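Notes follow the structure.
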């Protein structure tokens, strides 16, 4: 859904007039002082609604870009409706909250780029007619409009979303994926598309919980290997190969364990310390059948993975120590569906996976509480889901626009948006954790 | 001597001719024998070639047979694994169905239809029958597992404990005891978890949960730094349950601990 647009009838230049009114009609913001004791008037977020939010014009260098990024991030978060109206000049003085209320705004985001090189952001609670929260977000000397500068604005967006909805946004995150056998990164809003020179054919990227490292499988003349790359230094460490195929790495939530699939005659999962230490320890027992694509539960106590023990690939779960393996995705008797690419949601409530549905692959999600399966996609071929840090959005590969590209789905509203464009097949996406302050 | 030679008798000549004839015959016989031997040798060589070919074919056939047998064994193993999985799956489905049946039976007994309307069009709410039966063992197991999945460890333990006390003869008793230990472990109560895992291994040694329980105890000891005791328990898993998955895990752990 695009930004909520305001329609005005019979009034010339409505937005500009309105914005002028919003900016120039000072109303004393002291109304909250008159609220009787015991009565709460203010911003209360109802998850089933999308409160309106108005992002005012941003004062300072590249203010227009800041406003555009803030508004887009809040829109992509799918928890707020960004009211699209001309921003007019940056507001000064007190806000005319009544007029914003008429616009449908529950909150106002007021930002400015300071001379000290930071982004000053205030969020106003329109109903309570007061400032809800204020904070400064440092650009840390990054060049305007650079990747680091944009990430600083994304962090501000995420905080704004948290102030209003109590849930932090996901704008300050990146997606790693494979295009034309190379590793690429793209910001959550589709900007800053960057190739990563890792050499050889890259497969199956997986993020370390700190966002500083990325593990991936590589194919070269000497076989397949698991590698861990330090995104800060650019250095890559190769995990000692177990022979045969070495693929599909995944970090544990505390970052101390790296799981991967390895083997010659069938594959099994092995656990290893990603930065050196003990020898790889076997975790699963496929007995000659393929086992791959591990994903940890957020508490690190369980692992979901793919196994062919039933004669066709299904999603299994096991304790992280290798005991209590059980089939997660039951199929009706006689069905032999293809299931792959499980990814455990950050809230632990569900596992997303790819499933063959008729002639196509679709993205499904299974509830860990009652094991009920829900189909998330239906158009074209959709596969390889990866959860965003909010446990609500999923990035996946889809052919709905023709070639395989990455798309983002809001699992609650069903809203989708295309993340990558251009030539080449984009696949094997992995959504990063939130990128904290550098 | 020359004169003597010149004067050799006809008899002498005849003798000489005879000798020559004998020699010729011997030579012919020898040549004939060589030919026969050569022939024999050629036959032998041909036979050997044929035997070699046969052996080669037999060898190839044997290799193919071995390959087929190996493939068959592999296929049988895979099928066996699939059958085991399906069996386990069927067992779980049966347990789930039984849990559902128990739940429905309880609902039917619990919910008594309201009496027929007597002129009043308002429907009366369902009423609970006094003395409704408690949930069956499968339902309790199901409830306990669901609570555990939600992180409600106390409620899970209560359901498993109910199963133990109300259905002490149920097949699910070892399972319930095991999940009580898991519930303690999930709640971070390592001491209680260890003691209940020990109980599972001791009281139900033939249960499929026994090797897992010992392995869990060993892991907890390893994490706590009690390596010697951990080694003992890992070895116990290997000795008592050599064919279990946990024995393989324990062997790997013992290698790491050396």
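Chains as they are written, first to last, in the working numbering: chain R, 1 to 438; chain L, 1001 to 1258.
The C-beta atom is built at its ideal place from N, Cα and C for all residues, glycine as well.
All of these numbers come straight from a predicted model, not from anything done at the bench.
A residue is called buried once 16 or more other Cβ atoms fall within 10 Å of its Cβ, and residue 1065/L, having fewer, is exposed.
The Cβ neighbour count for residue 310/R, taken over all protein chains shown within 10 Å, is at least 16; the residue is labelled buried. In this structure, DSSP gives residue 394/R an extended state, which the three-state scheme calls strand.
DSSP, reduced to helix, strand and coil, places residue 1020/L within a helical segment of the structure shown.
Per DSSP, residue 1241/L has no beta-bridge partner at all. The C-beta distance from residue 245/R to residue 224/R rounds to 5 Å, short enough to fall under 8 Å.
By the C-beta criterion, the segment 383 to 392 of chain R is judged not to be in contact with the segment 366 to 373 of chain R, since fewer than 3 inter-stretch pairs fall below 8 Å.
Looking at the backbone, the Cα of residue 1234/L and that of residue 1246/L are separated by about 9 Å. Listed along the chain, the chain R residues whose CB falls inside 8 Å of the CB of residue 1219/L are 321. In this structure, residue 1178/L and residue 1200/L form a Cβ contact; the two beta carbons are roughly 5 Å apart against a cut-off of 8 Å. Annotation: residue 1103/L has no Cβ neighbours in chain R at a cutoff of 7 Å; minimum Cβ distance is about 13 Å. Cα atoms of residue 1048/L and residue 1056/L: separation of roughly 12 Å, rounded to the nearest angstrom. If you look at residue 73/R, you'll find it isn't in any beta strand (DSSP E); it sits in the alpha helix (DSSP H) that goes 63 to 76. Listed along chain R, the residues sitting closer than 8 Å to residue 1215/L by beta-carbon distance are 321 and 323.
In the structure shown, residue 428/R falls within a strand segment according to DSSP collapsed to helix, strand and coil. Nearest Cα to residue 201/R within the set 134/R, 219/R, 213/R and 413/R: 219/R. Per DSSP, residue 249/R lies in no alpha helix (DSSP H); the unbroken beta strand (DSSP E) holding it starts and ends at 245 to 251. When the Cα atoms are used, residue 193/R and residue 158/R turn out to be separated by approximately 21 Å.
Residue 259/R counts as buried, since at least 16 other C-beta atoms from the protein chains shown sit within 10 angstroms of its C-beta. Here DSSP, grouped into helix, strand and coil, assigns residue 1162/L to helix. Considering only beta carbons, the part of the segment 285 to 310 of chain R lying closer than 8 Å to chain L consists of 285, 287, 288, 289, 301, 309 and 310, in chain order.
For residue 251/R against residue 206/R, the beta-carbon gap comes to about 6 Å, under 8 Å, which counts as contact. Contact with chain L is absent for residue 374/R, since none of that chain's Cβ atoms lies less than 9 Å from the residue's Cβ. Residue range 1137 to 1149 is occupied by the alpha helix (DSSP H) that includes residue 1144/L.
When C-beta distances to chain L are compared with 9 Å, every residue of the segment 161 to 181 of chain R stays at or above that value.
Taking the Cα positions, residue 339/R is about 45 Å away from residue 144/R. Look at residue 127/R here: in three-state DSSP terms it is coil, with no helix or strand label. Separation of the CB atoms of residue 353/R and residue 323/R is rounded to 22 Å, and the pair is thereby denied contact status at 8 Å. Residue 351/R places its beta carbon less than 9 Å from that of residue 304/R. With respect to the 9 Å criterion, residue 282/R and residue 1248/L are classified as neighbours on the basis of their beta carbons. In the structure shown, residue 228/R falls within a strand segment according to DSSP collapsed to helix, strand and coil.
Between residue 239/R and residue 261/R, the gap from beta carbon to beta carbon reaches 9 Å or more.
Its chain contains 230, 231 and 232 as the residues whose beta carbon lies nearer than 8 Å to that of residue 212/R, once the 5 sequence neighbours on both sides are disregarded; these appear in chain order. Counting only the Cα atoms, residue 1156/L lies some 45 Å from residue 131/R.
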